[in-house]
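S.K.: In the working numbering, the protein residues as written are 2 to 169.
Next comes the structure, spelled out in structure tokens:
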């Protein structure tokens, strides 16, 4: 991410057009940590406001889901991330809070929605659901087939589609 930002600045002398000139496609859940890394760099190093950094980050990233098995969707322990990458975890929590507040406003009567949609899985020892993070932040999300992005299918992350229709 640092190299992408450095090269962008060398070419354009500004970050104002970053979302217009940069596209990052997440083809798996392993590189999803690049989302909080871009946010961190924009906020901490380049003095963006949180909302502006989030908007740019959402415009830069897209994601493809490759699995039908929910157990194959990568999750990382909150405790581990907190020890290794505390600032990244803080940003993930901030993204999650923003997303859940938006959902709460849109669906005030759906009591189970926030738990199902949360980037943080509270039921399995507090884990970050990396595919959820990718879906929530990416401006476009697809599956390798219709089965991989079907909101009525077996993959829980695809059920977010009904709440983020513009992304799918």
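Glycine included, C-beta positions come from ideal geometry on N, C-alpha and C.
#1: Can you list, in chain order, the residues of its chain with a C-beta nearer than 7 Å to that of residue 29? Leave out the 5 residues immediately preceding and following it.
#2: Quick check: what's the CA-CA separation for residue 22 versus residue 64?
#3: Tell me which residue opens and which closes the beta strand (DSSP E) that residue 62 is part of.
#4: Tell me the residue span of the alpha helix (DSSP H) that contains residue 92.
#5: For residue 37, count neighbouring Cβ atoms within 10 angstroms of its own Cβ and tell me buried if that reaches 16, exposed if not.
#6: For a test of the three-state rule: what should DSSP assign to residue 58, helix, strand or coil?
#7: Between the segment 98–116 and the segment 35–50, can you find at least three pairs of beta-carbon atoms closer than 8 Å?
M.R.: This is what the structure holds:
#1: The residue labelled residue 29 in the question sits at position 28 within the chain shown. Closer than 7 Å at Cβ, skipping near neighbours: 67.
#2: Reading the chain shown from its first residue, position 21 is the one you call residue 22. Reading the chain shown from its first residue, position 63 is the one you call residue 64. Roughly 18 Å separates the two Cα atoms.
#3: Position 61 of the chain shown holds residue 62. Looking at the DSSP string, the run of the beta strand (DSSP E) that includes residue 62 is 62–66.
#4: Taking the chain shown and counting its residues from 1, the one referred to as residue 92 is at position 91. Per DSSP, residue 92 belongs to the alpha helix (DSSP H) from 87–107.
#5: Here residue 37 is taken as the residue at index 36 of the chain shown, counted from 1. Counting Cβ neighbours within 10 Å, residue 37 comes out buried, since at least 16 surround it.
#6: Along the chain shown, one-based indexing puts residue 58 at 57. Note: residue 58 maps to helix in three-state DSSP.
#7: no
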